[in-house]
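>
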Amino acid sequence: MLAIRLPEKIEKRLDRLAKRTGRTKTYYAREAILKHLEDLEDIYLAEKRLAEIRAGRTRTIPLEEVMRRYGIKPEEVDD
48 MLAIRLPEKI EKRLDRLAKR TGRTKTYYAR EAILKHLEDL EDIYLAEKRL
98 AEIRAGRTRT IPLEEVMRRY GIKPEEVDD
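Every position in the sequence shown, counted from 1, becomes a number in our numbering once 47 is added.
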């Protein structure tokens, strides 16, 4: 179960959409979450990783090393 508070303007838009289409507000809230959750995960996890790199708590791996580990030759990669 999830309860969320939305700004009044957004709540009204959601209500209008639901009335015009015969669907529930819950339906549209669920659709929005399902559609955008993966993007949000990517963004916030990338931002967290960047902060860890900048703080020196983790290190990066050069692309050349990753390619060598997995046996990928530079000529096999499209530019």
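Note that beta-carbon positions come from the ideal geometry of N, C-alpha and C, so glycine has one too.
From E111 to V124, what does the alpha carbon distance come to, in whole angstroms?
Reading the sequence shown from its first residue, position 64 is the one you call residue 111. Reading the sequence shown from its first residue, position 77 is the one you call residue 124. Straight-line Cα distance between these residues: approximately 12 Å.
> Which first and last residues belong to the alpha helix (DSSP H) in which T73 is found?
Translated into positions along the sequence shown, residue 73 becomes position 26. From DSSP, the alpha helix (DSSP H) with T73 extends over K72 to R101.
> Compute the beta-carbon to beta-carbon distance between L61 and K72, rounded to the nearest angstrom, for a pair I have assumed lies under 8 Å.
Translated into positions along the sequence shown, residue 61 becomes position 14. Translated into positions along the sequence shown, residue 72 becomes position 25. Rounded, the Cβ-Cβ distance is 5 Å, consistent with contact.
> Do you know offhand how far E99's Cα is from R106's?
Sequence index remark: in the sequence shown, residue 99 carries index 52 (1-based). Sequence index remark: in the sequence shown, residue 106 carries index 59 (1-based). The alpha-carbon atoms of E99 and R106 are separated by roughly 8 Å.
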